[in-house]
Amino acid sequence: MTRPTYFLVLVIGLYWSAWAAEIHAPVNVPQAEFAAQKLREAAPPAKIPNLKMRIDPMLPEQGYAIRPANGGLTVIGGDARGLMYGGLELAERLRFGEDVSVLSIENQPFIKRRGLKMNIPLDARSPSYDDSGTSARMNIEQVWSEDFWHGFLDRMAEHRYNTLTLWCNHPFAAMLQLEDYPDVALDDVAVPTYKIDDQMLPQYMQADLQTPENYEIIKTMPMADKVEFWRHVMRYAKERGIDIYFITWNIWVHGAEGKYGIGHSQTNEATIAYMRESVKQFVLTYPDLKGIGITCGEHMQNKLEGQNAVEKWMWKTYGQGIVDAKAEQPGREVEFIHRTWYSGMDVMMDDFISKYPDPISLGFKYAKARLYSIPNPPFFKEQLQADCEKYNLSCWMNLRNDDIFSFRWGDPDYVREYMRNLPPEPLLAGYHMGSDGYVWGREFTSIEPDSPRQLEIDKHWYKFMLWGRLGFDPALDRAFFEKQLANRFPMVGSEPLYDTWQTASKIVPLVNTWHWRDWDHMWSVEICASKKEGYHTVNHFIEFAPLPEQGMQSIDAFVRRPNPELKSPLAVANELDQLAAQTLAGLSVLKSGASSPPNKELRQTYGDLEAFARLGQYYADKIRGATALHRFRVEGEKKIRREAVKHLKVASGHWKQYAGVASSQYNEQLFARTSYTDRDGRLLELAIDDIRIAKEAKHNEFPPSALAWKNKK
């Protein structure tokens, strides 16, 4: 059946006989076309009023107004994005069943640039950081699928995101045909065939990635087609009001290594020339590219001085490449994001930022890798704010979620507070939320998969909605989100679902704050493990302290110098148990009070919330066991050791429950920055082994530091 051309209804303002409404809108505004599509999907024709849509630049950027006029409604946008957002709000209200006939509202964004971050796995031969995980390997094919991008970008727009940052070590070989370097272009799409484990980083294989036995072609795609593909993706994003930036790490030259004298050495003039030409042609090839970002990463000689010092190298390659492109396209503006990583502010200013001809901002890991910890991270204020103010620079906040990948999270109050705590504009350039250890493409671990596999942005719709909508409007209240839940799950009460979901979502932030590990490779709360230390035993829980200045006391401090003014480990454990009990009670109420059996999505959501609860119970008793164990080692009373054993036995039982719930919904996968999710196998054995550690403990004998591996380097 031919799809009806309902887009034209809005674009040219014609009357469509199947509608009860006449819609007039500006011609050739694809953002308005998208809003028209959503209006048509939202309600029966008779419910849609006569509608006029227009742009009025007197309204704020991205702002909109909906006003009654002549028996219908007028949607006014300050620009094309604002017009789209106004249309989407009207569609949403129709979907909620509201009477919109006399609707009169105005709105504008609280934060102007609201984004997502994706480490994009373009190809086995051109990896991102870090493509060892299951999600990266399985999503290589998806990032070359128009269907994937259409669905993903549509949902981004609905959630009010307007920025997408795509991160790759060296995207150029997979996306460009360079006249001077024809053999660099990577035709086709390849997936890895080499064995991956939890201790490797594929990008460090470098030239070996190009060895034919290490990859398999899964899609024939000559470079001309790949270029056209990405032009389409960027154009489609623009039509949804979304700016695309590519951000790189350096120095990587995957695909070019060993060709034309190119290598990763910082002093290699052939590499400098190649990188400069790549950046130039990247800008010229992709007219809808909004900007480029850089990382002076771990693969640079950060102490090198002279003409090829870090920032000078960056200017010779990225800076000059963009200047070259602008010489051929004088009206072109290329925004730049300079991450503050392995570089110094004064040098950055002298050697790069002061020379850059277009808007330039910094990039900062605002919460380190712990988005789900506290809603007011102190790190930007402590480390970079003074420099931003001194040099009059804005800064993008990288909101790194390397905490929760599997389970559906949702706490509106946490996100609302987070947004209100971000630095004010113009100090704030914007934010982008995402992960280094996970690719939010399609999910590939469900034991009840959809066909095609579900978009992660749809599986985790509530979380993605919160981080987008509350960035646009933090005044959205509980009633608004209850309407969203009621619309999604009409068979169950939205009020108890809101409460239960929010309660379950408080568990991981509390654990992360108390057992503080800054970076992605240092900790995964879902598997109680890190890349270097492996499983975190009771000894790790004794050694590692809470995030400073949060009013919490570590186990060692509590045992040796208890402070009643601080929250003790046992108080944290009690709080976790309370959150878990409230979650389980809420789930019981939801299941018993439902008007009909849950659909698959609601049933799986229940499973995720129970997983949070069981995880909370596990950590509660693990903290109690670790506290008692340390007290025994310090004081020597055997009854305290018996208490530790008792708590750790209970904890292992909770881990078994947690593993059972998680394994009933998800297959095992490898988390790129930490390890495998073998919850009911090796991880269960290790949870049980904590009991042995407690039984064998001796008075005044303390284990070596869990970080002893650092001293072996």
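All the letters of the sequence shown, read from the start, carry residue numbers -20 to -1, 1 to 693 under mature numbering (1 follows the signal peptide of the UniProt record, and there is no 0). From the three backbone atoms N, C-alpha and C, an ideal C-beta is built for every residue, glycine too. Please read all numbers here as calculations on a predicted model, not as lab measurements.
- Beta-carbon to beta-carbon, E285 and F385 are separated by about 41 angstroms, too far to satisfy the 8 angstroms threshold.
- Within a 10 Å sphere around the beta-carbon of T320 sit 16 or more other beta-carbons, which makes this residue buried.
- The alpha-carbon separation between V259 and C276 amounts to approximately 16 angstroms.
- Counting along the chain, the unbroken alpha helix (DSSP H) around T493 starts and ends at I487 to W494.
- In this structure, L609 lies away from A551, with their beta-carbon atoms at least 8 angstroms apart.
- When rounded, the separation of the alpha-carbon atoms in I46 and E13 is 17 angstroms.
- For the pair of segments examined, the segment 99 to 119 was found not to touch the segment 56 to 68: the number of CB pairs separated by less than 8 angstroms stays below three.
- At the C-beta level, A349 and D178 stay beyond 8 angstroms of one another.
- In the DSSP assignment, N119 is bridged to no other residue.
- DSSP places L53 in the uninterrupted beta strand (DSSP E) bounded by G52 to G57.
- Using a 10 angstroms sphere on the CB of H139, the tally of other CB atoms reaches 16 or more, which defines it as buried.
- For W129, the enclosing alpha helix (DSSP H) stretches over residues E126 to E138.
- For the options A22, E41, E86 and S655, the alpha carbon positioned closest to that of F76 is the one of A22.
- In summary, E249 is exposed, with fewer than 16 beta-carbon neighbours lying within 10 Å of its beta-carbon over all protein chains present.
- A straight line joining the alpha-carbon of Q562 with that of T483 spans about 7 angstroms.
- Take the alpha-carbon of S125 and the one of S84: they are about 40 angstroms apart.
- One alpha carbon belongs to L564, the other to E590, and they sit about 7 angstroms apart.
- Secondary structure note for C375: its beta strand (DSSP E) is the uninterrupted segment C375 to R380.
- For A574, there is no enclosing alpha helix (DSSP H), as DSSP marks it with neither H nor E.
- Nearest to S81 by alpha-carbon distance, out of T173, I28 and P37, is I28.
- Taking 8 angstroms as the cut-off, the beta carbon of R117 is found closer than this to the beta carbon of V171.
- Pairwise C-beta distances place the segment 431 to 440 in contact with the segment 131 to 147, as three or more of them are shorter than 8 angstroms.
- Apart from the 5 residues on each side of it in sequence, S245 sits with its Cβ closer than 7 angstroms to the Cβ of T251 in its chain, given in chain order.
- Each of Q584, A560, F452 and H516 was checked against the Cα of K486, and the nearest Cα belongs to A560.
- K97 is bridged by DSSP to T145 and G414.
- Put simply, of D383, R653, L628 and S112 the residue whose alpha carbon is nearest the alpha carbon of A674 is L628.
- A straight line joining the alpha-carbon of P48 with that of V395 spans about 33 angstroms.
- A Cβ-Cβ distance of about 29 angstroms is found for the pair S572 and P489, leaving them out of contact under the 8 angstroms criterion.
- Comparing alpha-carbon positions, the option among A15, N288, P40 and Y598 lying closest to L31 turns out to be A15.
- Taking C-alpha positions only, L364 is separated from N356 by approximately 15 angstroms.
- The count of Cβ pairs closer than 8 angstroms, one atom from the segment 153 to 166 and one from the segment 632 to 643, stays below three, leaving the stretches out of contact.
- For E86, the enclosing beta strand (DSSP E) starts and ends at I85 to N87.
- Around the Cβ of M38, a 10 Å sphere holds fewer than 16 other Cβ atoms; the residue is exposed.
- Scanning I35, Y346 and K92 for the CA closest to the CA of G451 turns up K92.
- For the pair Q42 and E313, the Cα-to-Cα distance works out to about 20 angstroms.
- By the Cβ neighbour-count rule, N381 is buried, with 16 or more other Cβ atoms within 10 Å of its own.
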